[in-house]
Amino acid sequence: MTGRNGYQKAREHLRRDFAYRCAYCMIHEHAAGGAESFWIDHFKPRSKGGRVNDYANLYWAYMLCNHIKSNNWPTRSERRRGQRFADPCQEQDYGVHFVEDEEGKLVPQTPCGEYHVRMLRLNRTLLVARRRERNAFVARRSEAIALVERLERQAATLSGDEAAIYREVIAHVQREIESLEAELKITIPFIPLQSDCLRDWVSKER
Ligand SMILES: [Zn+2]
Numbered sequence: 575m576t577g578r579n580g581y582q583k584a585r586e587h588l589r590r591d592f593a594y595r596c597a598y599c600m601i602h603e604h605a606a607g608g609a610e611s612f613w614i615d616h617f618k619p620r621s622k623g624g625r626v627n628d629y630a631n632l633y634w635a636y637m638l639c640n641h642i643k644s645n646n647w648p649t650r651s652e653r654r655r656g657q658r659f660a661d662p663c664q665e666q667d668y669g670v671h672f673v674e675d676e677e678g679k680l681v682p683q684t685p686c687g688e689y690h691v692r693m694l695r696l697n698r699t700l701l702v703a704r705r706r707e708r709n710a711f712v713a714r715r716s717e718a719i720a721l722v723e724r725l726e727r728q729a730a731t732l733s734g735d736e737a738a739i740y741r742e743v744i745a746h747v748q749r750e751i752e753s754l755e756a757e758l759k760i761t762i763p764f765i766p767l768q769s770d771c772l773r774d775w776v777s778k779e780r
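Just so you know, we're using our numbering here: the sequence shown kicks off at 575 and counts up by one.
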């Protein structure tokens with residue numbers, strides 16, 4: 575990539591490498607108006623000496639995050655205090671520099687996390703609402719799974735028409751579970767409430 579706008583050629587590679595999500599707020603393209611609502615962000619801004627066409631300096635970002643981040647970069651004295659953007663490609667930001675509370679808000683754990691969340695306004699209304707919505711999907715999915723288990727136990731004791739009705743209800747709830755799982759694939763992923771439960775969360779996901 576060369577030239578003033580050479581980095582635009584990296585667009586499709588970035589989309590794939592960032593799993594179609596914003597590098598900062600993790601919102602999925604499907605939940606934020608599609609790829610046209612996303613721009614290529616220079617992690618270190620061009621005006622602050624960031625390389626224009628260096629793939630490692632290019633991040634896939636929701637346009638609002640890109641706009642909010644703008645040319646902001648910590649000053650020398652801020653950096654001395656540890657205040658800087660967390661680099662999602664170089665380090666674990668979610669779960670280390672900040673965690674998520676039960677209300678869907680990000681709570682900084684380090685000076686870096688404080689700077690990052692504040693400068694990117696990661697507790698803006700839309701994002702908090704999306705995280706709470708995801709929590710509601712997770713709760714509904716667990717309830718639906720428990721309901722299917724209960725219905726299956728009861729269905730096993732029945733026969734004929736009664737059993738058929740149970741099977742229909744079970745199939746209906748299972749379709750509900752599938753649609754919740756489809757929603758969960760494009761919600762903002764869960765971020766541990768406490769940094770020390772990160773390991774548990776990751777191992778559970780595998
Ligand atoms: Zn974002």
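Each residue gets a CB set at the ideal place from its N, CA and C atoms; glycine is no exception.
Worksheet item: Can you name, in chain order, every residue of its own chain whose Cβ lies under 6 Å from the Cβ of Phe592, other than the five neighbours on each side?
Response: As a working note, residue 592 is residue 18 in the sequence shown. The beta carbon of Phe592 is closer than 6 Å to those of Trp634 in its chain, skipping five residues each way along the sequence.
Fill in: beta-carbon Cys686 near ligand 1 non-hydrogen atom, thresh 7 Å
By 1-based counting over the sequence shown, the position of residue 686 is 112. Cys686: no, Cβ never under 7 Å from ligand 1.
Worksheet item: Distance, Cα to Cα, Asp774 vs Phe764?
Response: To locate residue 774, count along the sequence shown from 1; it is residue 200. To locate residue 764, count along the sequence shown from 1; it is residue 190. Residue placement at Asp774 is flagged as unreliable, the pLDDT there being 48, under the threshold of 50; a coordinate-derived value is accordingly withheld.
Item to complete: Please confirm whether any heavy atom of ligand 1 lies closer than 7 Å to the CB of Ala635.
Response: Taking the sequence shown and counting its residues from 1, the one referred to as residue 635 is at position 61. Ala635: yes, Cβ under 7 Å from ligand 1.
Discussion item. At the level of alpha carbons, what is the spacing between Tyr629 and Thr761?
Written reply: The residue given as residue 629 occupies position 55 in the sequence shown. The residue given as residue 761 occupies position 187 in the sequence shown. Approximately 27 Å between the Cα atoms of the pair.
Worksheet item: ligand 1 heavy atoms versus the CB of Cys596: any closer than 7 Å?
Response: As a first step, residue 596 is located in the sequence shown; it is residue number 22 there, counting from the start. Yes, the Cβ of Cys596 comes within 7 Å of a heavy atom of ligand 1.
Worksheet item: Near Gln683, which residues of its chain fall below 8 Å by C-beta distance, leaving aside the five closest residues on each side in sequence?
Response: Counted from its first residue, the sequence shown places residue 683 at position 109. Excluding sequence neighbours, Gln683 sits near Val670, His671, Phe672, Val673, Ser769.
Worksheet entry | Bounding residues of the alpha helix (DSSP H) (the contiguous stretch that carries Tyr740) | As a working note, residue 740 is residue 166 in the sequence shown. For Tyr740, the uninterrupted alpha helix (DSSP H) segment begins and ends at 734-759.
Practice prompt. Kindly indicate the opening and closing residues of the beta strand (DSSP E) around Val670.
Written response: Working through the sequence shown from its first residue, we reach residue 670 at position 96. Per DSSP, Val670 belongs to no beta strand (DSSP E) and is neither H nor E.
Worksheet item: Under 8 Å between the Cβ atoms of Tyr581 and Phe612?
Response: Locating residue 581 in the sequence shown gives position 7, counting from the first residue. Locating residue 612 in the sequence shown gives position 38, counting from the first residue. Contact: no.
Discussion item. Using 8 Å for Cβ pairs, my map puts Gly687 next to Ala730. What's the rounded Cβ distance?
Written reply: The residue given as residue 687 occupies position 113 in the sequence shown. The residue given as residue 730 occupies position 156 in the sequence shown. About 50 Å; that fails the 8 Å criterion.
Practice prompt. Flag Ser716 as yes if its beta-carbon sits less than 8 Å from any beta-carbon of chain B, otherwise no.
Written response: Going by chain labels, chain B is absent from the structure shown, which holds only one protein chain.
Discussion item. At 3 residues or longer, what runs of the beta strand (DSSP E) sit wholly inside the stretch 611-665?
Written reply: 612-616, 632-636
Discussion item. I need the DSSP call for Arg590, collapsed to helix, strand or coil.
Written reply: As a working note, residue 590 is residue 16 in the sequence shown. Reduced to three states, the DSSP call for Arg590 is helix.
Worksheet item: Under three-state DSSP, which class holds Pro763?
Response: In the sequence shown, residue 763 corresponds to position 189, counting from 1. In the structure shown, Pro763 sits in coil (DSSP, three-state: anything other than H, G, I, E or B).
Worksheet item: If you draw a straight line from the C-alpha of Tyr598 to the C-alpha of Arg714, how long is it?
Response: Taking the sequence shown and counting its residues from 1, one reaches residue 598 at position 24. Taking the sequence shown and counting its residues from 1, one reaches residue 714 at position 140. For Tyr598 and Arg714, the distance between alpha carbons rounds to 27 Å.
Discussion item. Tell me the rounded alpha-carbon separation between Arg695 and Ile719.
Written reply: Here residue 695 refers to the residue found at position 121 when the sequence shown is read from its first residue. Here residue 719 refers to the residue found at position 145 when the sequence shown is read from its first residue. Their Cα atoms are separated by approximately 36 Å.
Discussion item. For the stretch 606-622 against the stretch 635-654, do three or more pairs of beta-carbon atoms, one drawn from each stretch, fall closer than 8 Å, so that the two count as touching?
Written reply: yes
Discussion item. Per the DSSP calculation, Pro682 is bridged to which residue(s)?
Written reply: The residue given as residue 682 occupies position 108 in the sequence shown. In DSSP, Pro682 forms a bridge with Phe672.
Item to complete: With a threshold of 16 other CB atoms inside 10 Å of the CB of Ala605, please say whether the residue is buried or exposed.
Response: The count along the sequence shown starts at 1 and reaches residue 605 at position 31. Its Cβ being crowded by 16 or more others within 10 Å, Ala605 is buried.
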